[in-house]
Amino acid sequence: MKKKLVLGILAHVDAGKTTLSESLLYLSGAIRKLGRVDYKDAFLDTYTLERERGITIFSKQALLSIGEREVTLLDTPGHVDFSAEMERTLQVLDYAILVINGADGVQGHTLTLWKLLERYQIPVFLFVNKMDQEGTQKETLLLELKKRLSESCVDFETYGEGEEWIESVAVCDEAVLEHYLEHGEVTKNDVQRMIKERKLFPCFFGSALKLFGVEEFIKGMDEYMMDVAYPKEFGAKVYKIARDPQGNRLSYMKITGGTLKVKDILTNKKSDNKQENQEVWEEKVDQIRIYSGVKFESVKEVEAGTICAVTGLNNTYPGQGLGIEVASDMPVLEPVLTYQIQVPEGTDLTVMLKQLKQLEEEEPELHIVWNESLNEIHAQLMGEVQIEILKT
């Protein structure tokens, strides 16, 4: 059975993140046709507003093979309005791809993402995109990455070749450098471990739109990612709540230990009796879905390392830990602006409040509140794009 890894892709808006996702899926054989964001047919832009605006609004997943591994690719929102969803997704990643716009270099939101990746200790591969654009210079960009992100950003275009490359890797870890000076070698396992421990950040350069440098990027990740060992006891981290077109509530989770089967009983009860001051519940797993784009496959059982959507659960919430898994910290990026929601005349406020509360399950940061004294519904939002989503 193939080893499983969860790989997230992040970027400042318009760096070409979804285009790179499309290229990875196409070159790995996961999709037959190469879609484009500007043609509104990208595999992972599944919502109408995403296609209209050309941005990722909700995190989505796709399955692909990288070497002998089965990889779940999670495409995260790049717009700052949806930072909380992106941050929740970070907490189920094994590795992250950070996409840099070669034409603009390190941007404001890039630095925010970098700090979040550090906070959650996610190992990172960097892909500097749009290198086909006039005026982009690899040497200048690499210096900027070293200065603004980390001195341990190393050019991996010619990985494994030449003394200069080996030295640039060795200096990122004291023990590896000592071994290199004594024996003149840096092993593949050393490089894998350094990346995993965030002591080394491989940098690749290319153009996702023109498929330039993407195959080399895939080969580099295959070479230097490490497999994850999971405990036998069941654990799962819920990172997202959504609803399908039929209204079924979906709890998206990563299995972090053991296995999960249809008809299993899940509970928030912990062995140490710490339920985060919540009432204990038990619910049965009705269906387990493995999504890739808008399509899904129903399966009877999933093992550790799998990202799946589960139906039948009504009490789960983003960030919740089930089984041996602990709950996540609250997202660092939360809205501070409070808005009054104005509803059309004649609207039943009770019905509207109920529907908004359903949305709050999916986006806990909305903080939907009924202000009884003013007879108003209030919500907290990050910005204009999120307001547009709420209107739809």
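Counted the way this note's numbering counts, the sequence shown spans residues 102 to 493.
Heads up, the beta-carbon is just placed ideally off N, CA and C, and yes, glycines get one too.
Spatial neighbours of residue 110 in its own chain (CB-CB distance under 6 Å, excluding positions within 5 residues in sequence) are listed in chain order as 118, 122, 176, 198. Between the C-alpha atoms of residue 191 and residue 361 there is a straight-line separation of about 22 Å. In this structure, residue 416 lies near residue 384, with their beta-carbon atoms less than 8 Å apart. Residues of the same chain with a CB within less than 8 Å of the CB of residue 319, apart from the 5 flanking positions on each side, are 125, 128, 129, 167 in chain order. For residue 469, the CB contacts under 8 Å within the same chain, skipping 5 residues up- and downstream, are 454, 457, 458, 460, 461, 478, 479, 480 in chain order.
Each residue's CA atom was taken as its position, placing residue 246 and residue 317 some 20 Å apart. Apart from sequence neighbours up to five positions away, the residues of its chain that approach residue 393 with a beta-carbon distance below 6 Å are 163, 164, ordered along the chain. In this structure, the CA atom of residue 274 is about 7 Å from the CA atom of residue 295.
In this structure, residue 108 sits away from residue 212, with a CB-CB distance that is not shorter than 8 Å. Per DSSP, residue 162 lies in no alpha helix (DSSP H) segment; the continuous beta strand (DSSP E) that holds it begins and ends at 161 to 167. By a beta-carbon distance limit of 8 Å, residue 292 contacts residue 270. Their separation comes to about 6 Å.
With respect to residue 229, residue 306 sits close: the two C-beta atoms are nearer than 8 Å. Excluding the 5 residues flanking it on each side, residue 381 has same chain C-beta neighbours closer than 8 Å at 368, 369, 370, in chain order.
Here the alpha carbons of residue 196 and residue 249 stand approximately 21 Å from one another. Under the DSSP assignment, residue 219 falls in the alpha helix (DSSP H) whose first and last residues are 209 to 220. The three-state reading of DSSP puts residue 410 in strand, counting E and B together.
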